[in-house]
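Asker: Below you will find the structure I want to go over with you.
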Amino acid sequence: MKHIMKLLPESFEEITLDRKNIEYRVNDEKRQKIQQGDTIEFFKLPELKESLEVIVTERCEYKNFTEMFTDLFGLFQDEYANPEEVAEAMYEIYTKEEEEKYGGLAIKFEYEG
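Here this note's numbering is used: the first residue of the sequence shown is 214, the next is one more, and so on.
Here it is as structure tokens:
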């Protein structure tokens, strides 16, 4: 199955440079449909003119962002002091209500651009 998602320019560029292979989201109804082996076409914000495709290799569900980033903190320890700080950054995109309702989702993928 193919899914369509939007990405901030920084994240889009990180994928093209092979520096990013996990996307973090709330595990809402749309994301619950994503399964291993599916493809995701990411469109670069704000114009949505550029896109790239990735293949989902794994999906990891968490009850909240802090749990997710505690599990994956090794990926962020150079940029953030602790998992809670990484989780706080997610609130720039999602509300705490969304986090409580859906939990967190780490989508691991491969990009062969």
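Just so you know, even glycine gets a beta-carbon here, dropped at the ideal spot from N, CA and C. Bear in mind that the values here come from a model prediction, so they are computed numbers and not experimental data.
Under a Cβ-count criterion, where at least 16 other Cβ atoms within 10 Å of its own Cβ denotes burial, should residue 275 be classed as buried or exposed?
Answerer: The residue you call residue 275 lines up with position 62 of the sequence shown. Label assigned to residue 275: buried.
Asker: As an exercise, report each continuous alpha helix (DSSP H) stretch of at least 4 residues that is fully enclosed by the region 246–294, in chain order.
Answerer: Qualifying alpha helix (DSSP H) stretches, in chain order: 278–284.
Asker: What separation, rounded to the nearest whole angstrom, lies between the Cα atoms of residue 233 and residue 313?
Answerer: As a first step, residue 233 must be located in the sequence shown, where it is residue number 20. As a first step, residue 313 must be located in the sequence shown, where it is residue number 100. The alpha-carbon atoms of residue 233 and residue 313 are separated by roughly 26 Å.
Asker: Leaving out five residues before and five after residue 253 in sequence, what residues of the same chain have Cβ atoms less than 6 Å from its Cβ?
Answerer: Here residue 253 is taken as the residue at index 40 of the sequence shown, counted from 1. Excluding residues within five positions, the ones whose Cβ falls inside 6 Å are 216, 218 and 267.
Asker: Does DSSP put residue 233 in a helix, a strand or coil?
Answerer: Mapped onto the sequence shown, residue 233 falls at position 20. Three-state DSSP puts residue 233 in coil, outside helix and strand.
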